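Residue numbers (the numbering used here), protein chains in the order written: chain V, 1 to 475; chain C, 476 to 950. A short write-up of the structure that comes next.
2 protein chains.
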Amino acid sequence: MPTYQSLTPELITQLEAIAPGRVTAGPDVNPDYARDEMPIYGTHAPEAAVEALSTEEIAAVVKLCYDHNIPVTTRGAGTGLVGGCVPVMGGVLISTTRMNKILSYDLENFTVTLQPGVLLQQLAEDALAHGCLYPPDPGEKLATLGGNVSTNASGMRGVKYGATRDYVKAMTVVLPTGEVTSFGSAVSKTSSGYNLLHLMIGSEGTLGIITELTLKLIPAPGATISLVVPFAALAPCIATVPKLRQSGLNPQAIEFFEREILLTSEAYLEKQVFPRVIDGTEVGAYLLITFDGNSLSALDATIEQAAELLLAEGALDVLVADTPAKLKEAWAARSSFLEGIEEQTTLLDECDVVVPVTRIPEYVVYADSLAKHYDFRLQYFGHAGDGNLHIYTCSNDMDREEFLAQVDDFMTKLYAKTMALGGQISGEHGIGRGKIKYLAQAVGETNIALMRGIKQVFDPKMILNPGKIFSLPED
Amino acid sequence: MPTYQSLTPELITQLEAIAPGRVTAGPDVNPDYARDEMPIYGTHAPEAAVEALSTEEIAAVVKLCYDHNIPVTTRGAGTGLVGGCVPVMGGVLISTTRMNKILSYDLENFTVTLQPGVLLQQLAEDALAHGCLYPPDPGEKLATLGGNVSTNASGMRGVKYGATRDYVKAMTVVLPTGEVTSFGSAVSKTSSGYNLLHLMIGSEGTLGIITELTLKLIPAPGATISLVVPFAALAPCIATVPKLRQSGLNPQAIEFFEREILLTSEAYLEKQVFPRVIDGTEVGAYLLITFDGNSLSALDATIEQAAELLLAEGALDVLVADTPAKLKEAWAARSSFLEGIEEQTTLLDECDVVVPVTRIPEYVVYADSLAKHYDFRLQYFGHAGDGNLHIYTCSNDMDREEFLAQVDDFMTKLYAKTMALGGQISGEHGIGRGKIKYLAQAVGETNIALMRGIKQVFDPKMILNPGKIFSLPED
């Protein structure tokens, strides 16, 4: 394991000289900085935290830490779910939340340049005011764009628009040595050497610190319509999804969820939005589908064709949300799944697997039957359109150590099934601290060795976000 | 520089044991294997060539070469334009053209799995027969998919559908050590460690040899319509492009070209397709725009709105190609630009720059005025919708050395302008042998050092396609 140094009072003074009035140390550090939204993977406070304001400040902090072998961990809004921003080796935490300016738009070339601490929600609203859509739409709207890029977040609209990766044009990066460089450019395409931009995307703050981003926008669609589609059971619900994708109707989002998680979410919201019984049949599962287009009238034929297809496939009904109020209501329940679970649960873990869309039913049946062997209960929902499932293991009464042991056993089997189906162990949350072991099992020693080698090239002293994605040499 | 060994008769015998009847050596090697389509960057024959049939054969060949420090260069169809597949250090050339099987489709999950020697044209036709479109559409239809992925080729439809990168889901790779691994998977998205898949895409055969690919397809659009749009001059022609993109009409392709290159191409085809005078005004430049949709009738409103916009922006006319015959004719002239130039030219070099779409007029004016200082003539055309320009320096009467010296001076200045506009030195052709110096100037020493470091991680003995993308240490 690399030998790290502890922060001395002299070094804290030097940090203070770089970022006057924006350094905290020891017990004064914000306790939130010891964790993200999934504390089950461990909490650990940094020795000092810096509220950075600029690329230059971050470069100076990193250079200081590089010279003194001090770990550096970057944190956005801390909304991650794998412990990715937890400074497990101590050292300095750099918070980017005050680097929250949208710097400029190029509306002719459809790009926006911004600081990494801008929140997703902030960009979404601002882009819309400029007539543009930033397509990636992760559930957590209070995440930073820097964090989104670092985990290649994706969310609801991935079916039509892809993941964050597809919208990153360029970035300014502080390397672990303190050098400042840039990857990519604002143009549409490139074949100019190894794509360091794509290597940075999804690297979870282990290769460099993103200090500025240029992102791609698209013209905002003139109209958006969602369909709420109840089914009697999950199997016919999911079986409809490939047919929707083959139809050429090009939905923006296809979410699925079962009755139980809807009840959890509606209890949290204290509001019932979705129908629970249709013509005497109890609803077992739902699709929530969104289409966008130039205008409501231009979407008429699409909606009609979609409704026909859905009813032919066994939908109990097709409810249309075509006003802002109805859209907001339909999506509020979906957006509160995690909050609903968190409110009801004391011990919580999750996975973020991706399987081929057509294998979702088989996978969910497997997960349900597997879970019967354990004492926790399962809740899940997912992006049906792209095969990305969020499966939560929840308990309010288990012993913590017992919960951890059972979840580990469960996850090991679940990930093995994921890989057997040709899937991925994380679709959008990343590996962070929580999924290290499973990544190694999933991609194999050869690929892990390549990743470790790349890490060493960027970060010869291994100071940047140590103990993430893969273990430290003697972790 | 790494110390390479020459092939001995014993090693050739061992190659023959791996690929019986498919090894040639010395003077028996196909002379085409010494060059690609741009021989100005130098030709160099390999010591032996292997017509590989499988991943296992390639792994065995690479392992043998790794053990004996012998350079290995992979070649697809040899249609590259930067000398990328030229075995400049000799050694073994592996040709993938006989690995040309389309292995399987997964029509529910919209993927196709194939060998790397499948040709673009072969996949396009076969996918269409399966109701699917493979969106990337480089001009050179006889390129292999392995080559397309290795240069992140893009082509005409990039405006709407992106580059090859966006359609690569997974690949099997033989590493320079002879190990076989796989990157990516057939699912829609991932955040599972460093993205080795994206690192391989565009790495021009320097990090590993692609032996199998899983590519993403989309449902084939029901209808395609192209518009031929003549303008009096280039400036209003190009100025229309951002407006088209902002219109929300979502064209699949927006190509531009000037009168001169059209005349070259039509002379080559011995056929006049495009109008040269409209109502007494001589045509100076053209846009060739394609839209796709579910049906011809569904495209009516789009075509009408596009025509209105184009005429308001100064188009002299809008000619509609809405039958297969008319579409083929409209695109035949565009597709023959390079062949037309090649037929007329003895000394030829080119660049493949990308600039922001709105800067194309400024850039072209600069290139034209710069070219006045040299003895060669310029021909160019480009993907207006994504700012990618192919600029050819052509001469039939210059001394070769003088041509090379003048082109180098011209390119150095042109690339400097490219970078000043926030562009990239290659959009889709790659760096290969021909653009090494300019890449280093463009991305800087820090980024080149990272790329070299990555190369070393994958290829510790530097045997794979040496002398490409960046120079050998003492090149």
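C-beta: ideal position from N, C-alpha, C; glycine also. All values reported here derive from a predicted model rather than from experimental measurement.
Residue i: contacting residues in chain V (beta-carbon distance under 8 Å)
{"i": "C/G621", "result": "Near C/G621 there are no residues of chain V at all, since even the closest Cβ is about 15 Å away, more than 8 Å."}
{"i": "C/L641", "result": "Sequence check: residue 641 of chain C is Asp here, not Leu. By Cβ distance, chain V contributes G162 and D166."}
{"i": "C/D466", "result": "There is no way to answer for residue 466 of chain C, as the model of chain C reaches only from 476 to 950."}
Chain-ordered chain V contacts of residue i [CB-CB under 9 Å]
{"i": "C/E654", "result": "T446"}
{"i": "C/S740", "result": "Those within 9 Å of C/S740 in chain V number zero; the least Cβ separation is about 24 Å."}
{"i": "C/L486", "result": "Ordered by position in chain V, no residue passes the 9 Å Cβ test against C/L486, which lies about 26 Å from the chain."}
Exposed unless 16 or more other CB atoms sit within 10 angstroms - verdict on residue i
{"i": "V/Q272", "result": "exposed"}
{"i": "V/N195", "result": "buried"}
{"i": "C/P484", "result": "exposed"}
{"i": "V/N152", "result": "buried"}
{"i": "V/D408", "result": "exposed"}
{"i": "V/P275", "result": "exposed"}
{"i": "V/D300", "result": "exposed"}
{"i": "V/V365", "result": "exposed"}
{"i": "V/R476", "result": "The shown model of chain V, from 1 to 475, leaves out residue 476 of chain V, and the question about it has no answer."}
{"i": "C/V752", "result": "exposed"}
{"i": "V/P20", "result": "exposed"}
{"i": "V/D386", "result": "buried"}
{"i": "V/S369", "result": "exposed"}
{"i": "V/A60", "result": "buried"}
Proximal residues of chain C, C-beta to C-beta of residue i below 8 Å
{"i": "V/V256", "result": "For clarity, residue 256 of chain V is Phe in the given sequence; the question names Val instead. Those within 8 Å of V/F256 in chain C number zero; the least Cβ separation is about 14 Å."}
{"i": "V/H429", "result": "S666"}
{"i": "V/G423", "result": "S660 and V662"}
{"i": "V/T463", "result": "The sequence given here has Ile at residue 463 of chain V, not Thr. Those do not exist, as V/I463 stays about 16 Å from chain C at its closest Cβ, beyond 8 Å."}
{"i": "V/T323", "result": "Residues of chain C passing the Cβ test: none, with the nearest at roughly 21 Å."}
{"i": "V/A442", "result": "S667"}
For residue i, the nearest candidate out of the options (CA to CA)
{"i": "C/A880", "options": "C/V536, C/H848 and C/G898", "result": "C/H848"}
{"i": "C/T656", "options": "C/R927, C/N505, C/I533 and C/T798", "result": "C/I533"}
{"i": "C/E730", "options": "C/G653, C/C712 and C/N627", "result": "C/C712"}
{"i": "C/L539", "options": "C/L528, C/T549 and C/V567", "result": "C/V567"}
{"i": "V/G340", "options": "V/E266, V/G453 and V/A25", "result": "V/E266"}
{"i": "C/Q597", "options": "C/N584, C/A781, C/L578 and C/G860", "result": "C/L578"}
{"i": "V/S203", "options": "V/Q252, V/R157 and V/S150", "result": "V/S150"}
{"i": "C/E654", "options": "V/D349, V/G444 and V/E362", "result": "V/G444"}
{"i": "C/Y541", "options": "C/T777, C/A500 and C/S481", "result": "C/S481"}
{"i": "C/G565", "options": "C/S770, C/I676, C/A552 and C/A523", "result": "C/A523"}
{"i": "V/P466", "options": "V/A307, V/P176 and V/G293", "result": "V/P176"}
{"i": "C/T820", "options": "C/D872, C/Q727, C/C607 and C/S946", "result": "C/D872"}
{"i": "C/L582", "options": "C/H605, C/K910, C/Y838 and C/D850", "result": "C/H605"}
{"i": "C/E745", "options": "C/A552, C/D754, C/L947 and C/E818", "result": "C/E818"}
{"i": "C/A645", "options": "C/G668, C/V547 and C/I676", "result": "C/I676"}
Residue i CB to nearest heavy atom of the ligand MG below 8 Å
{"i": "V/L142", "result": "With respect to the ligand MG, the structure shown offers nothing to examine, as it has no ligands at all."}
Residue i: contacting residues in chain V (beta-carbon distance under 7 Å)
{"i": "C/N506", "result": "The amino acid at residue 506 of chain C is misidentified as Asn; the sequence shows Pro. Ordered by position in chain V, no residue passes the 7 Å Cβ test against C/P506, which lies about 27 Å from the chain."}
7 Å Cβ cut-off: residues of chain C touching residue i
{"i": "V/F458", "result": "L925"}
{"i": "V/Y194", "result": "L674, S678, M926 and I929"}
{"i": "V/V354", "result": "V662, S663, K664 and T665"}
Interface partners of residue i on chain C, CB under 9 Å
{"i": "V/H68", "result": "The premise fails here: V/H68 is roughly 22 Å from chain C at the closest Cβ pair, so nothing lies under 9 Å."}
**Report entry** Runs of alpha helix (DSSP H) lying entirely within the segment 247 to 327 of chain V, each at least 4 residues, in chain order
**Finding:** Taking only runs of at least 4 residues, the alpha helix (DSSP H) segments lying wholly in the segment 247 to 327 of chain V are 259 to 269 and 296 to 312.
Query - Stretch pair the segment 512 to 525 of chain C + the segment 557 to 573 of chain C: three plus CB contacts closer than 8 Å - result: Using a C-beta cut-off of 8 Å, the segment 512 to 525 of chain C makes contact with the segment 557 to 573 of chain C, since at least three inter-stretch Cβ pairs fall below that distance.
Requested in this report: Count the CB pairs spanning the segment 276 to 291 of chain V and the segment 253 to 261 of chain V that are closer than 8 Å, and state whether there are at least three.
Outcome: yes
Query raised in the report: Three or more C-beta pairs closer than 8 Å, one from the segment 391 to 407 of chain V and one from the segment 160 to 169 of chain V: is that the case here?
Result: no
**Report entry** chain A contacts made by the segment 570 to 585 of chain C, where a contact means CB separation under 9 Å
**Finding:** The question asks about chain A, but that chain is absent: this structure's protein chains are V and C.
Query raised in the report: Is the number of C-beta pairs between the segment 656 to 668 of chain C and the segment 929 to 943 of chain C that are closer than 8 Å three or more?
Result: no
Query raised in the report: Is the segment 790 to 801 of chain C in contact with the segment 700 to 716 of chain C, if contact means three or more CB pairs nearer than 8 Å?
Result: yes
Query raised in the report: Can you find at least 3 beta carbon pairs, one from the segment 237 to 247 of chain V and one from the segment 132 to 150 of chain V, that sit closer than 8 Å?
Result: The segment 237 to 247 of chain V, when compared against the segment 132 to 150 of chain V, does not touch it at the 8 Å Cβ threshold.
**Report entry** the segment 203 to 213 of chain V contacting the segment 844 to 863 of chain C, beta-carbon criterion three pairs below 8 Å
**Finding:** no
Query raised in the report: Whole beta strand (DSSP E) runs in the segment 812 to 884 of chain C with 3 or more residues, listed along the chain?
Result: 822 to 826, 852 to 858 and 863 to 870
Report task. Could you say if the segment 18 to 33 of chain V and the segment 152 to 162 of chain V meet the contact criterion of at least three C-beta pairs nearer than 8 Å? Result -> no
Query raised in the report: In chain order, which alpha helix (DSSP H) runs of at least 4 residues are fully inside the segment 171 to 241 of chain V?
Result: Runs of alpha helix (DSSP H) with 4 or more residues, each lying fully within the segment 171 to 241 of chain V, are found at 196 to 200, listed in chain order.
Query raised in the report: Pairing CB atoms from the segment 350 to 363 of chain V with CB atoms from the segment 415 to 431 of chain V, are three or more of them under 8 Å?
Result: yes
Query raised in the report: Quick one: complete alpha helix (DSSP H) runs, 4+ long, within the segment 479 to 561 of chain C?
Result: 484 to 493 and 530 to 542
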